[in-house]
Amino acid sequence: MRIVVVGTGYVGLVSGTCFAEMGIDVTCVDVDEGKIRKLLQGEMPIYEPGLEEMVRRNVEAGRLHFTTDLAGCLDDVEVVFSAVGTPPDEDGSADLQYVLAVAREFGRHINKYTILVTKSTVPVGTAQKVKAAVQEELDRRGVRVEFDVASNPEFLKEGAAIKDFMSPDRVVVGTESERAREVLSKLYRPFLVNNFRVYFMDIPSAEMTKYAANAMLATRISFMNDIANLCDLLGANVDMVRKGIGTDSRIGSKFLYAGCGYGGSCFPKDVKALARTGREYGYTMRVIEAVEAVNERQKTIVCDKLQAMIGDVKGRTIALWGLSFKPETDDMREAPALVVIDRLLRDGATVKVFDPIAMDECRRRIGDVVVYARDMYDAVVDADALILLTEWKQFRMPSWAVMRKTMMAPVLVDGRNIYDKDEVVAEGFRYSAIGK
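The sequence shown begins at 96 in my numbering and counts up one residue at a time.
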């Protein structure tokens, strides 16, 4: 089987590479000539554990190809996946210009039955717009070519995306066509040999499933952060509360960890888009809007805790461990670190940062307004306080003795609750965490 994946961002590159790993002939297409040139040279545009090796292996095997020419790929393929970006507009709605551009290009060049599958996260009703755009181009050409559209939202976790794709919890496909259903069943069967967990549904339900899944996970995070903030006021320990409710089989333990807020490419964007969709239809998504409000407030809570511990930060040097929104990625989209850095700089602090992977991405985003440390210990030299923002494994067991000798003051704000308070205090540090 031959397929095309349009877009070589996070979703497109991971999806295309994993399909190739299963023996499918895949061509990844992107309009960014520089990105394609780098991919042809073996340079990855994103960081994802295991991806570079897998890309190289499948390119060498002749199963994975990269090009800027979508039109030249369409004659021999059965399925085209659209995995282009849907960035939020200022009002929170998803920008569909790239999705519709792919649909129009598809309609201008197909000459036989082909399925156009939207893998990008798009609002309910997008498939109708995609279908109309394709048909408009066919009508303009004056030809009749059969095609189908489908929705196949992704559920990849950054840092574990390859595992998620190769062994998915489920595959959601929205389609109105039995022919498309048969083709997509064939495509996904190798991934689900032992337990075929492809859920077929109508297209609007598939489009909504993606938003509902991310909104639910974001809700659990914001709920737990709200509980943690109340725990601080009441003298309770949110870690104990999490264990107490997480062992309830109706609730479960995942996504119940309190911290300094969620970020990334999915949760913030999708929560905003879902709330916007509700408003467009005259319905206020009160829970979803509260989730967003809690999360935005939570991103600054470490600054509030720091100020409570050391007072005015003007003229002080504050070290940050972690810049990416989560471990095992260099993604800083909507990362709490960006909000914390901005707040500290506005308050007059000097900010020293270290992240195992995201240093270059930070430079690209904010330039040299912060001091970039060589390693985690260099970051805390002469620092008046340390804030942990991303729970990278290498931060979990630091040398407290080295830090105590090199810091101006042994002050630690734990934005991810990864340290044992008694141990840190026993090492001579003043310590503050979220909800304990």
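In this text, a Cβ means the ideal position worked out from N, Cα and C, and glycines have one as well. It should be emphasised that the depicted structure is a prediction, and the values quoted were computed from it without experimental measurement.
(request) Output the distance between the C-alpha atoms of R345 and H160, rounded to the nearest integer angstrom. (result) For the purposes of this step, residue 345 is identified with residue 250 of the sequence shown, where counting begins at 1. For the purposes of this step, residue 160 is identified with residue 65 of the sequence shown, where counting begins at 1. If I take the Cα positions, the gap works out to 45 Å.
(message) Distance check for S272 and S215, CA to CA, integer angstroms please.
(response) Residue 215 sits at position 120 when you count from the first residue of the sequence shown. Residue 272 sits at position 177 when you count from the first residue of the sequence shown. Distance between the alpha carbons of S215 and S272 is about 20 Å.
(request) Can you tell me which of I513, V465 and D463 puts its alpha carbon nearest to the alpha carbon of T485? (result) On the sequence shown, residue 485 is found 390 positions in, with the first residue counted as 1. Closest option to T485, Cα to Cα, is I513.
(message) On a Cα-Cα basis, can you pick out the residue from M139, Y357, K305 and D515 that is closest to M492?
(response) Locating residue 492 in the sequence shown gives position 397, counting from the first residue. Minimum Cα distance to M492 is reached at D515.
(message) For the region 413 to 425 against the region 380 to 390, do three or more pairs of beta-carbon atoms, one drawn from each stretch, fall closer than 8 Å, so that the two count as touching?
(response) no
(request) Below 8 Å on the Cβ atoms is my guess for A313 versus V229; work out the distance and round it to an integer in Å. (result) Counting from 1 along the sequence shown, the entry for residue 313 is found at position 218. Counting from 1 along the sequence shown, the entry for residue 229 is found at position 134. Wrong, their Cβ atoms sit about 33 Å apart, outside the cutoff.
(request) Look at the alpha carbon of F318 and the alpha carbon of Y352, and state the distance between them as a whole number of angstroms. (result) By 1-based counting over the sequence shown, the position of residue 318 is 223. By 1-based counting over the sequence shown, the position of residue 352 is 257. Each residue's alpha carbon lies about 10 Å from the other.
(request) Could you pull the start and end residues of the alpha helix (DSSP H) that I298 belongs to? (result) Residue 298 sits at position 203 when you count from the first residue of the sequence shown. Here the alpha helix (DSSP H) through I298 covers I298 to L329.
(message) My output table needs one value for P422: the three-state DSSP class, helix, strand or coil.
(response) Taking the first residue of the sequence shown as 1, we reach residue 422 at position 327. If DSSP states are grouped into helix, strand and coil, P422 belongs with coil.
(request) Provide the residue span of the alpha helix (DSSP H) that contains A528, from first to last. (result) Counting from one through the sequence shown, the residue named residue 528 turns up at place 433. Careful: A528 lies outside any alpha helix (DSSP H) and carries neither H nor E.
(request) Could you please give the first and the last residue of the uninterrupted alpha helix (DSSP H) stretch that includes R292? (result) What you label residue 292 is simply residue 197 of the sequence shown in a count that begins at 1. Taken as a continuous stretch (DSSP letters only), R292 belongs to no alpha helix (DSSP H), as it is neither H nor E.
(message) Taking the alpha-carbon of V278 as reference, which of M303, A323 and D243 has the nearest alpha-carbon?
(response) Stepping through the sequence shown from its first residue, residue 278 is reached at position 183. Measuring from the Cα of V278, the nearest candidate turns out to be D243.
(request) Could you check if R458 is buried or exposed, using at least 16 other CB atoms within 10 Å of its CB as the buried criterion? (result) Reading the sequence shown from its first residue, position 363 is the one you call residue 458. Counting the other CB atoms within 10 Å of its CB gives R458 a total below 16, which places it among the exposed residues.
(request) Please name the residue, chosen from G356, A403, L135 and T372, that lies closest to E429 on a Cα-to-Cα basis. (result) For this step, residue 429 is matched to residue 334 along the sequence shown. For E429, the nearest C-alpha among the options comes from G356.
(message) Here's the rule: buried if 16 or more other CB atoms are within 10 angstroms of the residue's CB, otherwise exposed. What is V217?
(response) Counting from one through the sequence shown, the residue named residue 217 turns up at place 122. Answer is buried; the Cβ neighbour count reaches 16.
(request) Could you pull out every unbroken alpha helix (DSSP H) segment of at least 4 residues lying fully inside the region 467 to 520, listed in chain order? (result) 471 to 475 and 495 to 501
(message) Let's see if you can read the secondary structure: which residues bound the alpha helix (DSSP H) around K349?
(response) Residue 349 sits at position 254 when you count from the first residue of the sequence shown. From DSSP, K349 is part of no alpha helix (DSSP H); its letter is neither H nor E.
(message) Are the CB atoms of A222 and E302 within a distance shorter than 8 Å?
(response) Within the sequence shown, the letter at position 207 stands for residue 302. Within the sequence shown, the letter at position 127 stands for residue 222. Cβ distance < 8 Å, so E302 and A222 count as in contact.
(request) Might you give, ordered along the chain, the residues of its own chain that have their beta carbon closer than 6 Å to the beta carbon of I316, omitting 5 neighbours on each side? (result) Taking the first residue of the sequence shown as position 1, residue 316 is located at position 221. Excluding positions up to five away in sequence, the list reads F350 and Y357.
(request) Assign V267 to one of three DSSP states: helix, strand, or coil. (result) Position 172 of the sequence shown, counting from 1, holds the residue named residue 267. Reduced to three states, the DSSP call for V267 is strand.
(request) Determine the contact status of V174 and L282, defining contact as a CB-CB distance below 8 Å. (result) One-based indexing of the sequence shown puts residue 174 at position 79. One-based indexing of the sequence shown puts residue 282 at position 187. Contact flag set, yes.
(request) Return no unless some Cβ of chain C is closer than 8 Å to the Cβ of Q489. (result) Among the protein chains of the structure shown there is no chain C, as only one such chain exists.
(request) Measure the Cβ-Cβ separation of T122 and T163 and say whether it is below 8 Å. (result) Counting from one through the sequence shown, the residue named residue 122 turns up at place 27. Counting from one through the sequence shown, the residue named residue 163 turns up at place 68. Cβ distance not < 8 Å, so T122 and T163 don't count as in contact.
(request) Return the chain-ordered list of same chain residues with a C-beta closer than 7 Å to the C-beta of A115, the five sequence neighbours on each side being excluded. (result) As a working mapping, residue 115 is identified with position 20 in the sequence shown. Same-chain partners within the cutoff: V121, N153, R158 and L159.
(message) Taking 8 Å as the threshold (C-beta atoms), are V197 and V101 in contact?
(response) Sequence index remark: in the sequence shown, residue 101 carries index 6 (1-based). Sequence index remark: in the sequence shown, residue 197 carries index 102 (1-based). Contact flag set, yes.
(message) If I measure Cβ to Cβ from A474 and keep anything under 6 Å in the same chain, skipping five residues before and after, which residues do I get?
(response) Taking the first residue of the sequence shown as position 1, residue 474 is located at position 379. Result list for A474: A414, K447, F449 and A468, in chain order.
(message) Checking 8 Å against the spacing of the C-beta atoms, do K421 and G359 come in under that value?
(response) If you number the sequence shown from 1, residue 421 lands on position 326. If you number the sequence shown from 1, residue 359 lands on position 264. Yes, Cβ-Cβ distance for K421 and G359 is below 8 Å.
(message) Could you compute how far the alpha carbon of L169 sits from the alpha carbon of E232?
(response) Here residue 169 refers to the residue found at position 74 when the sequence shown is read from its first residue. Here residue 232 refers to the residue found at position 137 when the sequence shown is read from its first residue. Going from the Cα of L169 to the Cα of E232 covers about 15 Å.
(request) Determine the DSSP secondary structure at C361, reduced to helix, strand or coil. (result) Residue numbering aside, residue 361 sits at position 266 when the sequence shown is read from its first letter. Of the three classes helix, strand and coil, the one that applies to C361 here is coil, per DSSP.
(message) Counting C-beta neighbours from all protein chains within 10 Å, is the total for A323 16 or more, i.e. buried, or is it exposed?
(response) Numbered from its first residue, the sequence shown carries residue 323 at position 228. Classification for A323: buried.
(message) Using only the alpha-carbon positions, how far apart do I298 and T304 sit?
(response) Taking the first residue of the sequence shown as position 1, residue 298 is located at position 203. Taking the first residue of the sequence shown as position 1, residue 304 is located at position 209. I298 and T304: Cα-Cα distance of roughly 10 Å.
(message) Comparing C-alpha positions only, which one of V212, L481, G523 and D479 sits nearest to A496?
(response) On the sequence shown, position 401 is the one that residue 496 refers to. Among V212, L481, G523 and D479, the Cα nearest to that of A496 belongs to G523.
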